[in-house]
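Q: Numbering (this note's numbering), first residue to last: 33 to 145.
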Amino acid sequence: MPNDFDRVDIDIDPAVAAELSQWDRVASDLHAMWKEKIAKIQQLNNPSTWGADTPGLAFQASYYQGGSLFQMIINGGQIIADVVAEPARIRKAVANSLTTDHDQGLMMNNLQA
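1) Which residues bound the alpha helix (DSSP H) around Pro119?
2) Going by Cα to Cα distance, which pick from Ile112, Gln110, Ala120, Ala84 is closest to Leu52?
3) Which class does Gly83 belong to by DSSP, given the choice of helix, strand or coil?
4) Flag this pair as yes or no: are the beta carbons of Asn78 and Leu101 separated by less than 8 Å?
5) Per DSSP, what kind of secondary structure is Ile73 in: helix, strand or coil?
6) Per DSSP, what kind of secondary structure is Asp43 in: helix, strand or coil?
7) Between the alpha carbons of Gly108 and Ala64, how many angstroms are there, rounded?
8) Thinking just about the alpha-carbon of each residue, which of Arg123, Ile105, Lys72, Leu62 is nearest to the one in Ala50?
Shown next, in the form of structure tokens:
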């Protein structure tokens, strides 16, 4: 007699798969934009921008004081990396869950046999 556990085609919900694919696309665009903007920021923050004379060096010391620019680049880069990596982590978690569900279903079938 068939039961609910006879089903072996357990798979990720199509809506979830579609949303993860969309997340991949958006994350890829965000990553590309981040790299482009950071390259521009680094180009604009090249010491040649403000010069090597006394006023230029004073500006540089003031501008970099506290390291907030570098922290923004480091922290922002880590956030972007996390956003880009998350869909793969979600897919792995879903796959692990589906595998567990499938295995539990097979165990229930064996118990009922």
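Glycine included, each C-beta is placed from N, C-alpha and C at the ideal position.
A: Taking the definition as stated:
1) 100–144
2) Ala120
3) coil
4) no
5) helix
6) coil
7) 13 Å
8) Arg123
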